[in-house]
Structures are given as structure tokens and as C-alpha cells.
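Step one of this worksheet: look at the structure below.
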Amino acid sequence: METIADQKPLFGLEQEYTLLDRDGWPFGWPKNAFPGAQGPYYCGVGACQVYGRDLVEAHYRACLYAGLDIGGTNAEVMPSQWEYQIGPTLGPYYCGVGACQAYGRDLVEAHYRACLYAELDIGGTNAEVMPGQWEYQIGPTLGIAASDQLWISRYILQRIAEEYGIQATFDPKPIDLGDWNGAGCHTNFSVEEMRKPGGIKAILKAIEKLSRRHSTHLKYYDPTQGLDNTRRLTGKHETASYQQFSSAAASRNVSIRIPRQVDEEQCGFFEDRRPAANCDPYAVTNIIVKTVCLDETDGN
Numbered sequence: 000m001e002t003i004a005d006q007k008p009l010f011g012l013e014q015e016y017t018l019l020d021r022d023g024w025p026f027g028w029p030k031n032a033f034p035g036a037q038g039p040y041y042c043g044v045g046a047c048q049v050y051g052r053d054l055v056e057a058h059y060r061a062c063l064y065a066g067l068d069i070g071g072t073n074a075e076v077m078p079s080q081w082e083y084q085i086g087p088t089l090g091p092y093y094c095g096v097g098a099c100q101a102y103g104r105d106l107v108e109a110h111y112r113a114c115l116y117a118e119l120d121i122g123g124t125n126a127e128v129m130p131g132q133w134e135y136q137i138g139p140t141l142g143i144a145a146s147d148q149l150w151i152s153r154y155i156l157q158r159i160a161e162e163y164g165i166q167a168t169f170d171p172k173p174i175d176l177g178d179w180n181g182a183g184c185h186t187n188f189s190v191e192e193m194r195k196p197g198g199i200k201a202i203l204k205a206i207e208k209l210s211r212r213h214s215t216h217l218k219y220y221d222p223t224q225g226l227d228n229t230r231r232l233t234g235k236h237e238t239a240s241y242q243q244f245s246s247a248a249a250s251r252n253v254s255i256r257i258p259r260q261v262d263e264e265q266c267g268f269f270e271d272r273r274p275a276a277n278c279d280p281y282a283v284t285n286i287i288v289k290t291v292c293l294d295e296t297d298g299n
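In terms of numbering that gives the first Met the number 0, the sequence shown has 97 at position 98, counting the first letter as 1, and numbering is strictly consecutive.
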């Protein structure tokens with residue numbers, strides 16, 4: 000990172016995770032059965048949609064207290080799955096509300112408050128597509144600090160989950176059976192040139208470099224050199240297949256996404272959607288910098 004400090008690299012990390020009961024089954028799910036089909040849980044509200052929000056928000060506050068750059072949280076597509084960020088219709092679970100849509104919101108919000116207290120750059124939380132699945136966001140944060148903050152925020156999340164008697168797993172595919180989303184750590188990246196007017200040229204150049212090292216990057220995107228991610232990157236459930244590199248604007252089913260606003264304004268950042276939820280953020284950010292900024296190839 001020091002080598003490219005003059006380029007002012009910014010990372011935004013979107014951490015998805017799933018809440019589990021002590022028996023390893025997703026928190027809030029009926030025992031030995033499945034909840035309603037995913038869709039209504041993403042960013043949901045309501046006791047039947049969102050599980051674990053109190054934990055999620057406690058984590059968010061703790062990250063803020065810790066001084067982390069946490070940008071937000073949200074319930075994910077699958078019930079009991081959440082995401083947080085450092086730096087087609089989705090259904091009622093995504094960003095959902097209500098007791099039947101979002102499970103674990105108390106835990107999620109406790110985590111959010113803890114991250115705020117820790118002065119992390121946490122930006123928010125939201126329920127994801129699977130019930131019990133959540134997300135929070137860290138960043139955008141300069142250089143290696145984004146990885147530092149994500150690591151701290153993960154510890155805070157596990158510690159708060161312990162208080163609630165719930166497990167928080169970063170398994171990229173916690174439920175293999177059925178029509179359920181996996182969990183990733185989408186990584187947003189830019190350097191100063193990309194953020195300036197006309198920066199889309201630098202973004203497209205970076206994507207071209209990444210396309211030539213797809214299989215190499217996958218080895219750095221989970222702790223098993225890509226094996227965990229093969230369960231998640233199937234080409235379904237808002238992912239691209241691990242077998243082929245792809246990119247596009249405003250699409251969730253690609254390896255690299257150019258956000259709609261970036262495409263319209265022709266400058267900003269790109270989102271690498273391949274890293275798994277259990278990735279080592281230092282390995283992910285390091286390989287992106289080496290490929291995009293230092294022109295490293297598989298031949299050197």
C-alpha cells in the first residue's frame with residue numbers, strides 16, 4: 000500500500016454474515032424446516048421478516064464507538080443473513096421490516112453501535128435476501144486501514160453475538176440446500192484517477208487487468224484458495240460463475256460491477272463481487288492493488 004500511497008487508494012468493504020442458533024441452524028428459522036422463500040427479507044422490517052436486528056444494531060454502535068469507518072448494515076436476501084459495509088425484484092426480506100421478515104435486528108444494531116463507539120468507519124446495516132442474513136459496510140477508507148477496520152469489526156460482531164447466545168458465521172454458503180443466497184465481502188476500490196472526471200477510462204483499464212487474472216484472484220478470495228467460493232459463485236443467487244470472468248454496469252450477476260451512478264457520471268469506483276464473506280481482507284486488497292496499480296501479471 001505504501002508503494003501507491005500517492006494514488007490515494009480507497010476501499011469500501013461490504014461484509015455479509017449469517018446468524019445461527021447454538022445448534023448451527025439459521026437464527027429465527029423453524030427447526031428442521033425452511034422459512035418462506037427468500038425475497039421479502041432483503042432490507043426487510045417486521046418480526047416475521049427480520050431476525051437479530053438488536054444484535055446487528057448493537058454491533059453497528061460498537062463499531063462507531065471503536066472509531067471504525069462502518070458505513071451501514073442491512074438484512075440480506077436469506078433470513079438470518081446480514082451484511083455490513085466497510086467504507087430483478089429482491090423480495091420482502093431484502094432491507095425488510097417486520098417480525099416475519101428480519102431476524103436478529105437487535106444483535107445487528109448492537110454491533111453497529113459498538114463499531115461507532117470504537118470509531119470504525121461503519122456506514123450502516125441492512126437485512127439481506129435470506130432471512131437471518133445481514134450486511135454492514137466499512138469505508139470508503141484509505142489503504143490498509145480498511146482491512147484493519149474490517150478485522151476489528153468482525154471481532155466486535157462475534158463478541159456481541161456471544162452476549163445474545165447467537166453465532167455469527169462468515170461461511171460463504173451456510174445453506175447449501177434449496178434456493179438460498181450465499182454470503183460475500185464485496186470490495187469497492189478506486190484510486191484518485193478513477194474518481195476524477197473521465198475516470199471511467201481508468202476503471203475500464205483496471206477491469207481489463209483483472210480479467211486476465213481471474214483464477215489467480217479467486218485463490219486469494221477465500222481461506223481455502225477458492226474452494227469455499229465454488230459453493231457460492233455458481234452464476235445463481237446474485238453471483239457470477241467462478242469459471243468465467245464477467246463485468247457490466249448495474250448488474251449483480253457479474254464478477255466486477257460498475258455501479259449505475261458511476262456509469263452515469265463516468266467516474267468513481269468499481270465493485271469486485273467475488274471475495275467470499277470469510278476472506279482475508281488483507282489478501283484481497285493486496286492482490287487488487289498488485290494487479291490494478293502495480294501491473295503484476297501471472298508471468299511476474
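The beta carbon of each residue, even a glycine, is placed where N, CA and C say it ideally should be.
Nothing here was measured: the structure is a model prediction, and the numbers come from that model.
Across which residues does DSSP place residue i in a beta bridge pair?
i	result
leucine 232	Bridge partners of leucine 232: none, in fact.
leucine 119	Leu67
isoleucine 255	Ser246 and Asp271
phenylalanine 188	Phe10 and Phe269
valine 107	Asp53 and Val55
tyrosine 16	Trp81
threonine 124	Thr72
isoleucine 199	According to DSSP, which records beta bridges pairwise, isoleucine 199 is partnered with nothing at all.
arginine 112	Arg60
alanine 144	In DSSP, alanine 144 forms no bridge with anything.
threonine 168	Thr17
I'd like the list of long-range same chain contacts for residue i, defined as Cβ closer than 8 Å, with 5 residues on each side in sequence excluded.
i	result
threonine 88	Its pLDDT being 40, under 50, threonine 88 is placed unreliably in this model, and the coordinates cannot settle the point.
aspartate 68	Ile85, Gly86, Leu119, Asp120, Ile121, Gly122, Ile137, Gly138, Pro139, Thr140, Ala144, Ala145 and Gln148
glycine 51	Leu18, Phe26, Gly27, Ser79, Trp81, Ala101, Tyr102, Gly103, Arg104, Asp105, Leu106, Val107, Gly131, Trp133, Tyr163 and Ile165
tyrosine 64	Arg112, Ala113, Cys114, Leu115, Tyr116, Ala117 and Glu118
glutamine 6	Val190, Glu191, Glu192 and Cys292
Once the 5 residues before and after residue i are set aside, which same chain residues still bring their CB inside 6 Å of it?
i	result
threonine 307	The requested residue 307 is not part of the displayed model; the chain covers only 0 to 299.
isoleucine 206	Ser246 and Ile255
isoleucine 257	Ala248 and Phe269
glycine 225	Leu217 and Lys218
valine 261	Gly267
glycine 234	Ser240
valine 253	Ala239, Ser245, Ser246 and Ala247
serine 210	Phe244
threonine 284	Phe10 and Ser146
histidine 213	Phe244
Residue i to residue j, Cα distance in whole Å?
i	j	result
glutamate 192	proline 8	10 Å
glycine 43	alanine 57	18 Å
arginine 272	glycine 183	7 Å
aspartate 175	arginine 153	23 Å
cysteine 278	arginine 230	14 Å
aspartate 221	isoleucine 151	18 Å
isoleucine 165	tyrosine 241	31 Å
glutamine 48	proline 171	21 Å
isoleucine 159	alanine 276	18 Å
alanine 201	proline 274	22 Å
alanine 36	leucine 156	27 Å
aspartate 297	threonine 168	33 Å
glutamate 161	alanine 113	14 Å
lysine 208	glutamine 14	25 Å
lysine 30	arginine 259	40 Å
asparagine 228	serine 189	24 Å
aspartate 20	valine 76	18 Å
Take residue i and list the residues in its own chain whose beta-carbon comes closer than 7 Å to its own, dropping the five residues that flank it on each side.
i	result
isoleucine 199	Gln265 and Cys266
isoleucine 286	His216 and Tyr219
Threshold first: 3 residues or longer. Then list the beta strand (DSSP E) segments lying entirely within the region 28–68, N to C. 40–51
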